[in-house]
Amino acid sequence: TDRLSINNSGISTFTTDVRIVKSSGPLLELTTNTGAADATLRLSEGTPGSTTNGGGMFYSGANNKLHITCGTDSTTKRISILRDTGLVGIGSASPTSILDIVAADPVLTLRDTSATVTNANATLRLAESDGNGVIENYWDVVADTTAGNFGFAIKQNLGGTTSTRFTIAPATGYVGIGTNNPTAPLHV
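Quick note: to get this note's numbering, add 51 to the position in the sequence shown (first position is 1).
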């Protein structure tokens, strides 16, 4: 029984699953051999050549970008990476910063999977590092137990010492500046 057939248009048809197994690490390479052409891997529900309902990735030799695609049109660019700078765009084919997220009314979510609010902790860290890439000083914007179960705090770590600079107590909504336990609507 034939497992592979290639018709006159170059379309291959497999009658069984195709697996690449190599003990030293398999390589599937798509090369255009020209600098301005695209190399594309497409996964779709449609007929061969269709771009309906699917996703994939393609490297644009003309623009020096890698695009990850997905949608009812499988060519819809969702994530783009610029070859020369490494900038990443989500919803942007031309990112302008390390991570450029573009959408109407975007929301960036950091989700803690803890089962209860008593041990939940979600942190956004803004940091600087030394010449070896080791984080030295940073600010943390956190939702944690500093000011009560899943309270809000801004903390600063400077020279290895962490200080809470701002808190909001979830039970009262009280704001504390320089305190973990605000006892008034504004506690300084």
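Cβ coordinates follow ideal geometry from the N, Cα and C atoms, glycine included.
This one's a predicted model, so the numbers in the text were calculated from it and none came from an experiment.
When DSSP states are grouped into helix, strand and coil, residue 225 belongs to the coil group. At a Cβ-Cβ threshold of 7 angstroms, residue 233 and residue 199 do not count as neighbours. Within the region 146 to 185, the complete beta strand (DSSP E) segments of 3 residues or longer fall at 150 to 152 and 173 to 180, listed in chain order. The three-state reading of DSSP puts residue 80 in coil, since its state is none of H, G, I, E or B.
Pairing residue 207 with residue 108, the inter-Cα distance amounts to about 41 angstroms.
Minimum Cα-Cα distance from residue 127 among the listed residues 231, 115, 143 and 209 corresponds to 143. Taking a contact to require three or more Cβ pairs closer than 8 angstroms, the region 180 to 188 and the region 148 to 159 do not qualify as touching.
In the structure shown, residue 106 falls within a strand segment according to DSSP collapsed to helix, strand and coil.
In the DSSP assignment, residue 97 falls outside any beta strand (DSSP E), carrying neither H nor E.
Bridge partners of residue 206 according to DSSP: 191 and 215. For residue 131, the enclosing beta strand (DSSP E) covers residues 128 to 133. At a Cβ-Cβ threshold of 7 angstroms, residue 140 and residue 131 count as neighbours. Residues 204, 215, 218 and 231 of the same chain have their beta carbon placed closer than 7 angstroms to that of residue 197, with the five preceding and five following residues left out of the count. Scanning its chain for C-beta atoms nearer than 6 angstroms, with the 5 sequence neighbours on each side dropped, one finds around residue 171 the residues 163, 165 and 201, in chain order.
From the listed residues 84, 116 and 123, the smallest Cα separation to residue 102 is found for 123. The three-state reading of DSSP puts residue 116 in strand, counting E and B together.
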